[in-house]
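Right, one structure below, let's go through it.
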């Protein structure tokens with residue numbers, strides 16, 4: 062049975078469900094973003110239908126308009142550890158689910174805000190094997206450029222105000 066008021070579902074372009082995270086929808090000042098808290102004590106992560114290990118506090122920032130979803134990881138004290146910026150189709154929200162289609166390209170962001178691009182080979186393979194449309198390919202590149210911009214300029218969700226708010230979460 063799912064716990065929390067929302068489930069974040071990560072799918073691949075072919076419709077395969079990659080993972081599902083139970084979570085709590087958090088109020089956002091920007092109507093284009095949905096923020097979901099995944100607390101390891103209160104919420105489960107599922108991969109292939111099985112509960113997967115999630116030891117840290119995670120926060121998903123899912124964009125409903127732009128091709129980017131960001132998963133932030135925090136230590137037990139709420140300090141930012143790392144982020145994964147998924148190039149993705151814009152997320153879709155229904156009553157109790159937010160779904161996004163992962164387009165393979167990722168920016169990994171470290172706690173010092175250095176970053177690197179990941180999974181270029183997977184993207185090249187999947188764009189052929191899964192038949193990515195020209196729009197999906199463009200979305201993947203646009204999502205990566207947006208992630209770079211947000212990280213380097215320290216805009217949401219990489220600004221100090223947002224990153225610092227998770228130190229106040231009760232364990």
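Residue numbers (my numbering): 62 to 232.
Note that beta-carbon positions come from the ideal geometry of N, C-alpha and C, so glycine has one too.
- Judged by DSSP secondary structure, residue 183 falls within the alpha helix (DSSP H) whose first and last residues are 181-190.
- In terms of CA proximity to residue 168, 147 leads the group 124, 153, 147, 161.
- Annotated as proximal: residue 129 and residue 208, with beta-carbon spacing under 8 Å.
- In the three-state scheme derived from DSSP, where H, G and I count as helix and E and B as strand, residue 84 is classed as strand.
- Per DSSP, the unbroken beta strand (DSSP E) holding residue 147 starts and ends at 141-149.
- In the structure shown, residue 228 adopts helical secondary structure according to DSSP, grouped into three states.
- Shortest Cα-Cα distance from residue 71 to any of 93, 213, 122 involves 122.
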